[in-house]
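Q: My numbering puts the first residue of the sequence shown at -5, with every later residue one more than the last.
Glycine included, each C-beta is placed from N, C-alpha and C at the ideal position.
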Amino acid sequence: MGTASFSLLRMLADGGLHSGERLGRALGLSRSGLWNLIRRIEASGLRVLKVRGRGYRLAEALDLFELDALAAGLKKISPELCIEVLDECPSTNTVLAERAAAGAPHGTVLACEYQSAGRGRRGHSWVSAVGGSVAFSILWRFPRGAGALGGLSLAAAVGAAKALERLGTQGVAVKWPNDLYCEGRKLGGILIESSGAIVGPSAAIVGVGINVRLGAHARDRIGVPATDIASHCEATPSRTTVLVAALESIAGVLARFSREGFAPFREEWLQRHAWTGRRVALSQAGRRVAEGKVVGVAEDGALMLASVGGIERFHIGELSLRPE
Ligand code: ATP
Ligand code: BTN
-5 MGTASFSLLR
5 MLADGGLHSG
15 ERLGRALGLS
25 RSGLWNLIRR
35 IEASGLRVLK
45 VRGRGYRLAE
55 ALDLFELDAL
65 AAGLKKISPE
75 LCIEVLDECP
85 STNTVLAERA
95 AAGAPHGTVL
105 ACEYQSAGRG
115 RRGHSWVSAV
125 GGSVAFSILW
135 RFPRGAGALG
145 GLSLAAAVGA
155 AKALERLGTQ
165 GVAVKWPNDL
175 YCEGRKLGGI
185 LIESSGAIVG
195 PSAAIVGVGI
205 NVRLGAHARD
215 RIGVPATDIA
225 SHCEATPSRT
235 TVLVAALESI
245 AGVLARFSRE
255 GFAPFREEWL
265 QRHAWTGRRV
275 ALSQAGRRVA
285 EGKVVGVAED
295 GALMLASVGG
305 IERFHIGELS
315 LRPE
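(1) Name the residue from G194, P171, I192 whose alpha carbon lies nearest to the alpha carbon of I184.
(2) Decide if P73 is buried, meaning its Cβ has at least 16 other Cβ atoms within 10 Å, or exposed.
(3) When we look at the beta-carbon of K156 and count the other beta-carbons within 10 Å, is it buried (16 or more) or exposed?
(4) What's the gap between the Cα of Q265 and the Cα of E242?
(5) Please report the straight-line C-alpha distance between S1 and W134, rounded to a whole angstrom.
(6) The ligand BTN and W120: does the residue's C-beta get closer than 8 Å to at least one heavy atom of that ligand?
(7) What are the start and end residues of the alpha helix (DSSP H) that includes I32?
(8) Say the cut is 8 Å; is the CB of N87 nearer than that to a heavy atom of the ligand BTN?
(9) In terms of DSSP beta bridges, what is H12 paired with?
(10) Measure from the alpha carbon of V123 to the alpha carbon of each residue in G112, Y108, F136, then state which is nearest.
(11) May I ask you to report which of helix, strand or coil DSSP gives T102?
(12) Taking DSSP as the reference, what is the three-state secondary structure of A317?
(13) By Cβ distance below 8 Å, which residues in the same chain neighbour D222 in space, the five residues on each side in sequence not counted?
(14) Here's a check: name, in chain order, each residue in its chain whose Cβ is nearer than 8 Å to the Cβ of E228, leaving out the five neighbours to either side.
(15) Using 10 angstroms around the beta-carbon of P137, count the other beta-carbons present and answer buried if the total reaches 16, otherwise exposed.
(16) Consider the C-beta atom of R316 and the heavy atoms of the ligand ATP; say whether any pair is separated by less than 8 Å.
(17) So I186 is in the beta strand (DSSP E); what residue range does that whole segment cover?
(18) Just the C-alpha distance for C231 and R281, rounded to the nearest angstrom, thanks.
(19) Suppose the cutoff is 7 Å on Cβ atoms and the five residues either side in sequence are ignored; what does the same chain contact list for R213 look like?
(20) Would the C-beta of V128 count as close to the ligand ATP, meaning under 8 Å from any of its heavy atoms?
(21) In this structure, how does DSSP classify D62 when only helix, strand and coil are distinguished?
(22) Pick helix, strand or coil for N328, following the three-state DSSP scheme.
(23) Can you tell me the Cβ-Cβ gap for G49 and S13, rounded? I've got them flagged as a contact below 8 Å.
(24) Curious, which full-length alpha helix (DSSP H) runs of at least 4 residues does the segment 223 to 307 contain?
(25) Three-state secondary structure (DSSP) at V200?
(26) When you measure from the CB of L146 to every non-hydrogen atom of the ligand COA, does any distance come out below 8 Å?
This is how it looks when you write it as structure tokens:
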């Protein structure tokens, strides 16, 4: 959408009426320049109402990050984390990976108001809504090798689930290996991208996407049944509150995972696992590689399936799990 669009959105975010003349003056724009910016904002799925002779307002107030509250919240929870919030970026994982390669320190967090080309596993895309999603990535450096990070996406999902539960979200469930669900619909996802030698040290970019409030425009773009915190919570928390709570919980999980691996999170993961006992099929690159009944997960995060040949373990890789 561009920096100028976000400057305008900050002025309109309160949902009140703002004179076009004042908005144009504050942004150094002509009437047609302002109008072009408004059209760009509308293309992102937000509705801007024009009140003849009086100005513009958003159809609904917009929940943008409150940077002071964010800084204060983070200072309280973790001296290890250092956050930057961008207006817009293609993918917080991609940008943070570039910074990590250039030497960004452990604990660097990158969040953005709008992620335009978010990524899921296996080249899938992740959709964000302006003012309705939380998307961020954390750079964590581990003394262990990348080979020991197998259960990391499961541990991070436990951290995210606990944060959302503390904020009052009902029925949060996890799905192997990286998803958060609520009532059978996807609420969020984790994308881990690691680098380094198998035996260590290593670094991981832990990317987290959470739907806070999805409008029709975002749901259309997602194309599969998705859900948001607002649908499972009596009072929807602000995006700032969700971001601080998720960072606090996930940073705690990462610190413990670094020392002890996935084992201490296994029980908490299984308690939230919606698919235990379910018959599933595992596939890779569109080809079915196994089928059976989900028994649970092992201490290293491997999926355990009971099939005719006994109990088999599957490591994350590029595998995809579907109900039969
Ligand atoms: P797997 O079970 O293998 O993880 P998946 O379908 O969950 O498969 P992912 O790569 O984990 O795939 O997640 C990306 C998928 O999530 C996209 O292909 C899309 O279907 C869905 N998706 C994209 N954006 C959102 C969103 N904001 N909320 C919910 N689901 C989304
Ligand atoms: C999935 O379900 O496959 C994972 C989705 C992960 C989305 C988050 S949003 C922040 C970070 N940046 C990305 O491009 N992806 C992750």
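A: Here's the rundown:
(1) The residue you call residue 184 lines up with position 190 of the sequence shown. For the residues G194, P171, I192, the minimum Cα distance to I184 belongs to P171.
(2) Taking the sequence shown and counting its residues from 1, one reaches residue 73 at position 79. By the neighbour-count definition (other C-beta atoms within 10 Å, threshold 16), P73 is an exposed residue.
(3) For the purposes of this step, residue 156 is taken as residue 162 along the sequence shown, with counting starting at 1. Buried, since its Cβ has 16 or more Cβ neighbours within 10 Å.
(4) If you number the sequence shown from 1, residue 265 lands on position 271. If you number the sequence shown from 1, residue 242 lands on position 248. Roughly 21 Å between the two C-alpha positions.
(5) Position 7 of the sequence shown holds residue 1. Position 140 of the sequence shown holds residue 134. So the alpha carbons of these two residues sit roughly 32 Å apart.
(6) Your numbering for residue 120 matches position 126 in the sequence shown. Result yes, Cβ under 8 Å from the ligand BTN.
(7) Residue 32 sits at position 38 when you count from the first residue of the sequence shown. For I32, the enclosing alpha helix (DSSP H) begins and ends at 25 to 37.
(8) Walking along the sequence shown from the start, residue 87 turns up at place 93. At least one heavy atom of the ligand BTN is nearer than 8 Å to the Cβ of N87, so yes.
(9) Your numbering for residue 12 matches position 18 in the sequence shown. Its beta-bridge partners are Y50.
(10) Locating residue 123 in the sequence shown gives position 129, counting from the first residue. This sequence places Ala at residue 123; Val is not what is there. Minimum Cα distance to A123 is reached at Y108.
(11) The residue labelled residue 102 in the question sits at position 108 within the sequence shown. It is a strand residue.
(12) For the purposes of this step, residue 317 is identified with residue 323 of the sequence shown, where counting begins at 1. The amino acid at residue 317 is misidentified as Ala; the sequence shows Pro. Three-state DSSP puts P317 in a strand.
(13) Here residue 222 refers to the residue found at position 228 of the sequence shown. Counting only Cβ-Cβ distances below 8 Å, and skipping sequence neighbours, we find G126, L181, N205, V206, R207, L208.
(14) Stepping through the sequence shown from its first residue, residue 228 is reached at position 234. Closer than 8 Å at the Cβ level, and outside the excluded window around E228, lie G162.
(15) What you label residue 137 is simply residue 143 of the sequence shown in a count that begins at 1. Under this definition P137 is an exposed residue.
(16) On the sequence shown, position 322 is the one that residue 316 refers to. It does: the Cβ of R316 is within 8 Å (strictly closer) of some heavy atom of the ligand ATP.
(17) Translated into the one-based positions of the sequence shown, residue 186 becomes position 192. 179 to 190 is the extent of the beta strand (DSSP E) around I186.
(18) The residue given as residue 231 occupies position 237 in the sequence shown. The residue given as residue 281 occupies position 287 in the sequence shown. One point to set straight first is that residue 231 is Pro, not Cys, in the sequence displayed. In a straight line, the C-alpha of P231 is about 41 Å away from that of R281.
(19) Taking the sequence shown and counting its residues from 1, one reaches residue 213 at position 219. The answer, listed in chain order, is A220.
(20) By 1-based counting over the sequence shown, the position of residue 128 is 134. False, no ligand heavy atom lies under 8 Å from that Cβ.
(21) For the purposes of this step, residue 62 is taken as the residue at position 68 of the sequence shown. Helix, per DSSP.
(22) The structure shown does not extend to residue 328, since the chain is modelled only from -5 through 318, so no value can be given for it.
(23) Sequence index remark: in the sequence shown, residue 49 carries index 55 (1-based). Sequence index remark: in the sequence shown, residue 13 carries index 19 (1-based). Confirmed, about 4 Å.
(24) Taking only runs of at least 4 residues, the alpha helix (DSSP H) segments lying wholly in the segment 223 to 307 are 233 to 254, 260 to 265.
(25) Here residue 200 refers to the residue found at position 206 of the sequence shown. Taken through DSSP and simplified to helix, strand or coil, V200 comes out as strand.
(26) Looking at this structure, you won't find the ligand COA anywhere; what it does contain is the ligand ATP and the ligand BTN.
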